[in-house]
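Asks: Offset between the sequence shown (1-based) and this note's numbering: plus 26.
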Amino acid sequence: MTAISPLAGKLAPPEMLLDIASLMAAYYSETPDPLNPAQSVQFGTSGHRGTSFDKSFNESHVLAITQAICQYRQRRWIDGPLYLGIDTHALSQAAYTSVLEVLAANGVDVMVAGNGAFTPTPAVSLAILNYNRGKERGLADGIIITPSHNPPEYGGIKYNTPNGGPADTEVTQWIEQRANAYLQSNLSGVQRVPFETALRATTTHCFDFMSAYVNDLITVIDMESIRSAHLHIGVDPLGGAGVEYWTAIAERYKLNITVVNKTVDASFRFVPVDSGGKIRMDPSSPFAMQVLASRRNDFDIAVACDPYHDRHGIVTRSVGLMPPNHYLCAMIDYLFQHRPYWEKSAGIGKTIVSSDMISRIAVELGQPVLDMPAGFKWFTPGLLQGALNFAGEESAGACFARRDGSVWTTDKDGITAALLAAEITAQTGHDPGFHYRNLSHRYGDPVETRLQVNATSAEKAKISRITSSQITSAQLAGEPIISILARAPGNEAAIGGVKVITEHGWFAARPSGTEDLYKIYAESFRGEEHLERILEDAQQIVDQALKSS
């Protein structure tokens with residue numbers, strides 16, 4: 027199991043910081059071996075990620091993936107504009123160049139932010155949905171260049187389809203197969219023009235993502251209540267793509283927002299080291315968030331987002347940094363009581379490893395809950411069609427409908443999730459931490475944890491294929507096992523692992539999509555000692571399943 031690094035919560039020493047020049051050199055000079063699974067194109071829950079140091083995210087990968095996306099668009103008659111977004115990771119700029127070179131060569135109309143400005147995930151999703159509203163042909167889609175909150179040396183690229191959300195498994199598998207075929211043919215068939223030519227191409231257009239997004243926020247968040255309450259809001263963008271967005275939001279809605287750090291530096295030297303000994307710009311990590319958490323009393327509410335601003339972190343005066351599941355509960359309880367125009371039958375989407383506290387709250391609210399596998403792509407259809415008014419995952423990603431009940435974005439939106447914390451505080455006079463404490467008095471006070479266990483590729487594959495028949499235990503932490511799930515109840519899709527449930531607790535095991543480890547999630551409504559017993563039994567159950575498979 028991974029131990030907490032002695033550097034956790036501290037700024038990284040100079041020798042640990044990313045060597046950006048070497049990373050860039052590796053991006054262009056290293057050639058991946060497409061027959062080596064570790065160096066091939068592999069789409070996880072949301073895109074392909076890796077680092078050029080390991081030959082898992084290099085120019086060849088990005089060129090091949092982009093050409094595959096162009097081919098997919100042709101097959102599906104997707105001939106509207108493609109909205110291109112980018113975050114602040116070092117490899118993102120290099121990948122942006124590669125992507126635009128291929129898109130221009132294929133004659134794709136591309137919408138980019140002026141002067142190469144950074145563009146958060148929700149701004150891309152919103153742009154796609156706004157363009158496609160009322161259309162049946164000439165639909166838009168998007169490419170987002172980000173590895174999310176992964177360490178500075180990582181790069182990532184994902185495809186958002188015309189529904190505005192991450193491409194589903196069928197689409198990503200097709201793109202993955204075509205991209206690997208291009209790699210195996212030494213990029214034969216990949217079209218490309220020089221970057222300067224791509225910038226000047228008649229198919230490359232500037233689009234004001236920021237104004238379109240900021241001006242529309244009033245349809246999702248009660249901005250007037252925040253302004254009238256004169257809240258002082260602290261924001262840490264963690265060096266991410268939304269740095270300038272927060273200033274624009276403050277100016278547009280006359281809010282008292284202090285951005286505590288406007289620095290954009292691809293080494294992310296200003297973000298404290300996370301538990302595993304690496305810089306990870308994770309707004310839900312108590313280690314990465316120590317700077318903002320230490321200033322909790324300076325603000326009425328303080329918030330943060332990850333580099334691509336699709337994840338949120340909430341720091342309150344009452345409890346400090348809120349665990350993601352706690353804030354999801356507070357959001358749900360507030361929203362479904364303060365959005366009178368929402369369709370009553372529309373439900374709540376949660377990942378199968380999110381807190382069961384959500385289900386308890388939903389019962390009292392009278393709202394249906396759909397348990398889905400990990401990956402926001404599973405929520406997109408429900409959000410788009412109005413079957414879901416809220417979707418959230420345990421890793422601090424969420425989005426919800428506009429105030430009138432219509433769709434906002436179909437991808438995670440860290441900005442609106444953060445602003446909702448301010449709305450809750452303004453409307454109720456209490457911050458979300460206070461509200462969660464009240465919820466825990468009513469529904470129980472669960473404790474949770476997540477372990478990361480080092481694993482080989484073979485072991486990860488075995489865990490992803492675990493079936494209920496491989497689990498022979500009748501009890502978990504002294505309680506009868508009442509359910510073993512290998513498929514999500516919300517859509518019957520494989521969860522890529524297993525979840526074992528008792529009356530007062532559960533655990534789930536699933537492999538990481540980007541690292542050599544698997545994760546064990548656990549929750550107990552009977553306290554820390556019971557949680558420890560769940561973890562002990564969970565490890566034994568997983569070990570036994572690995573031996574038997």
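Don't be surprised by glycine CBs; every beta carbon is placed ideally from N, CA and C.
Bear in mind the structure is a predicted one, so any value in this text is a computation, not a measurement.
#1: Roughly how many angstroms lie between the CA atoms of Thr377 and Ala422, to the nearest whole one?
#2: What would DSSP say about His467, mapped onto helix, strand or coil?
#3: From Asp300 to Leu152, what distance separates their C-alpha atoms?
#4: How big is the Cα-Cα spacing for Gln316 and Lys573?
#5: Is the stretch 107 to 125 touching the stretch 139 to 146, taking contact as three or more C-beta pairs under 8 Å?
#6: Measure the Cβ-Cβ separation of Gly579 and Asp430 and say whether it is below 8 Å.
#7: So, Cys641 versus Thr451, is the Cβ gap smaller than 8 Å?
#8: Taking 8 Å as the cut-off, decide whether the C-beta atoms of His530 and Gly440 are in contact.
#9: Count the other CB atoms within 10 Å of the CB of Pro63; is the residue buried (16 or more) or exposed (fewer)?
#10: Between Phe294 and Tyr180, what straight-line distance do the alpha-carbon atoms span, to the nearest angstrom?
#11: Does Met50 come out as helix, strand or coil in the three-state DSSP assignment?
#12: If you draw a straight line from the alpha carbon of Ala38 to that of Gly265, how long is it in whole angstroms?
#13: Use the C-beta contact count for Ile201: other C-beta atoms within 10 angstroms, 16 or more gives buried, fewer gives exposed.
#14: Around the Cβ of Asp389, are there at least 16 other Cβ atoms within 10 angstroms (buried) or fewer (exposed)?
#15: So for Val197, helix, strand or coil by DSSP?
#16: Run the CB neighbour count on Ile597, radius 10 Å, all protein chains shown included, and call it buried at 16 or more, exposed below.
#17: Which residues does DSSP pair with Ser550 in a beta bridge?
#18: Going by the CB atoms, is the gap between Val379 and Ala356 shorter than 8 Å?
#19: Nearest-angstrom Cα distance between Thr342 and Asp457?
#20: Would you call His226 buried or exposed, if buried means 16 or more other Cβ atoms sit within 10 Å of its Cβ?
#21: Mark His556 as exposed unless 16 or more other C-beta atoms lie within 10 angstroms of its C-beta, in which case mark it buried.
#22: Could you tell me which of Ile327, Leu543, Ser311, Ile46 sits nearest to Lys488, measuring between CA atoms?
#23: Evaluate His461 with the Cβ neighbour count: other Cβ atoms within 10 Å of its Cβ, from every protein chain shown; 16 or more gives buried, anything less gives exposed.
#24: Go ahead and pull the three-state DSSP assignment for Met27.
#25: Going along the chain, which residues of its own chain have a beta-carbon closer than 6 Å to the beta-carbon of Met27, five neighbours each way excluded?
#26: According to the neighbour-count rule (16 or more other Cβ atoms, all chains shown, within 10 Å of its Cβ), is Asp382 buried or exposed?
#27: Can you name the residues that DSSP bridges to Tyr353?
#28: Given Ser344, which residues of its chain have a CB within under 8 Å of its CB, disregarding the five upstream and five downstream residues?
#29: Helix, strand or coil: which one does DSSP assign to Arg253?
#30: Between Arg278 and Val269, what straight-line distance do the alpha-carbon atoms span, to the nearest angstrom?
#31: Start and end of the alpha helix (DSSP H) containing His175?
#32: For Pro263 and Ala514, what's the separation of their Cα atoms in angstroms?
#33: For Arg559, I'd like the list of residues in its chain whose CB is within less than 6 Å of its CB, leaving aside the five on either flank, ordered along the chain.
#34: Measuring alpha carbon to alpha carbon, tell me which residue in Glu41, Val568, Ser432 is nearest Lys304.
#35: Can you name the residues that DSSP bridges to Ala424?
Replies: According to the structure shown:
#1: On the sequence shown, position 351 is the one that residue 377 refers to. On the sequence shown, position 396 is the one that residue 422 refers to. Taking the straight line from one Cα to the other gives about 11 Å.
#2: On the sequence shown, residue 467 is found 441 positions in, with the first residue counted as 1. In this structure, His467 counts as helix in the three-state DSSP scheme.
#3: One-based indexing of the sequence shown puts residue 300 at position 274. One-based indexing of the sequence shown puts residue 152 at position 126. If you draw a straight line from the Cα of Asp300 to the Cα of Leu152, it is about 31 Å long.
#4: Counted from its first residue, the sequence shown places residue 316 at position 290. Counted from its first residue, the sequence shown places residue 573 at position 547. Taking the straight line from one Cα to the other gives about 40 Å.
#5: Touching, yes.
#6: The structure shown has nothing for residue 579, since the chain only spans 27 to 575.
#7: Nothing can be reported for residue 641: it is not among the residues displayed for the chain, which extend from 27 to 575.
#8: The count along the sequence shown starts at 1 and reaches residue 530 at position 504. The count along the sequence shown starts at 1 and reaches residue 440 at position 414. Not in contact: His530 and Gly440 (Cβ atoms no closer than 8 Å).
#9: On the sequence shown, residue 63 is found 37 positions in, with the first residue counted as 1. Residue environment analysis places Pro63 among the exposed positions, since fewer than 16 neighbouring C-beta atoms fall within 10 angstroms of its C-beta.
#10: As a working mapping, residue 294 is identified with position 268 in the sequence shown. As a working mapping, residue 180 is identified with position 154 in the sequence shown. Cα to Cα, Phe294 sits roughly 12 Å from Tyr180.
#11: In the sequence shown, the residue the question calls residue 50 occupies position 24. Correct three-state label for Met50: helix.
#12: Counting from one through the sequence shown, the residue named residue 38 turns up at place 12. Counting from one through the sequence shown, the residue named residue 265 turns up at place 239. Approximately 15 Å, taken between the alpha carbons.
#13: The residue given as residue 201 occupies position 175 in the sequence shown. When all chains shown are included, Ile201 counts as buried.
#14: One-based indexing of the sequence shown puts residue 389 at position 363. The amino acid at residue 389 is misidentified as Asp; the sequence shows Val. Answer is exposed; the Cβ neighbour count stays below 16.
#15: On the sequence shown, residue 197 is found 171 positions in, with the first residue counted as 1. Residue state for Val197 is assigned as helix, using DSSP reduced to three classes.
#16: Not covered by the structure: residue 597. The range shown for the chain is 27 to 575.
#17: Indexing the sequence shown from 1 puts residue 550 at position 524. According to DSSP, Ser550 bridges with Val473, Gly531.
#18: Here the question's residue 356 lines up with position 330 in the sequence shown. Here the question's residue 379 lines up with position 353 in the sequence shown. The answer is no: Cβ separation not under 8 Å.
#19: Along the sequence shown, read from residue 1 onward, the residue named residue 342 stands at position 316. Along the sequence shown, read from residue 1 onward, the residue named residue 457 stands at position 431. Using only the alpha carbons, I get a separation of about 6 Å.
#20: Residue mapping note: residue 226 aligns to position 200 of the sequence shown, counting from 1. Note on residue identity: the sequence assigns Arg, not His, to residue 226. So Arg226 counts as exposed.
#21: Position 530 of the sequence shown, counting from 1, holds the residue named residue 556. Buried: at least 16 other Cβ atoms inside 10 Å.
#22: For the purposes of this step, residue 488 is taken as the residue at position 462 of the sequence shown. Relative to the Cα of Lys488, the nearest Cα in the group Ile327, Leu543, Ser311, Ile46 belongs to Leu543.
#23: Indexing the sequence shown from 1 puts residue 461 at position 435. When all chains shown are included, His461 counts as buried.
#24: Numbered from its first residue, the sequence shown carries residue 27 at position 1. Since pLDDT at Met27 reaches only 49, below the 50 mark, its modelled position is unreliable, and the value read off the structure follows with that caveat. Reduced to three states, the DSSP call for Met27 is coil.
#25: Residue mapping note: residue 27 aligns to position 1 of the sequence shown, counting from 1. Note that Met27 has pLDDT 49, beneath the 50 cutoff, so the model's placement of it is unreliable and the number below is only indicative. Exclusion of the five residues before and after Met27 leaves Leu477, Val479 as the residues of its chain whose Cβ lies within less than 6 Å of its Cβ.
#26: Taking the first residue of the sequence shown as position 1, residue 382 is located at position 356. Around the beta carbon of Asp382, a 10 Å sphere encloses 16 or more other beta carbons of the protein chains shown; the residue is thus reported as buried.
#27: What you label residue 353 is simply residue 327 of the sequence shown in a count that begins at 1. Beta-bridge pairing links Tyr353 to no other residue.
#28: As a first step, residue 344 is located in the sequence shown; it is residue number 318 there, counting from the start. Counting only Cβ-Cβ distances below 8 Å, and skipping sequence neighbours, we find His456, Asp457, Gly459, Phe460, Arg463.
#29: The residue you call residue 253 lines up with position 227 of the sequence shown. Of the three classes helix, strand and coil, the one that applies to Arg253 here is helix, per DSSP.
#30: Locating residue 278 in the sequence shown gives position 252, where the first residue counts as 1. Locating residue 269 in the sequence shown gives position 243, where the first residue counts as 1. If you draw a straight line from the Cα of Arg278 to the Cα of Val269, it is about 15 Å long.
#31: If you number the sequence shown from 1, residue 175 lands on position 149. Per DSSP, His175 belongs to no alpha helix (DSSP H) and is neither H nor E.
#32: On the sequence shown, position 237 is the one that residue 263 refers to. On the sequence shown, position 488 is the one that residue 514 refers to. Approximately 33 Å, taken between the alpha carbons.
#33: Sequence index remark: in the sequence shown, residue 559 carries index 533 (1-based). The residues are Ala503.
#34: Locating residue 304 in the sequence shown gives position 278, where the first residue counts as 1. With distances taken between Cα atoms, Lys304 lies closest to Glu41.
#35: The sequence position of residue 424 within the sequence shown is 398, counting from 1. Per the DSSP secondary-structure output, Ala424 pairs in a beta bridge with Gly418.
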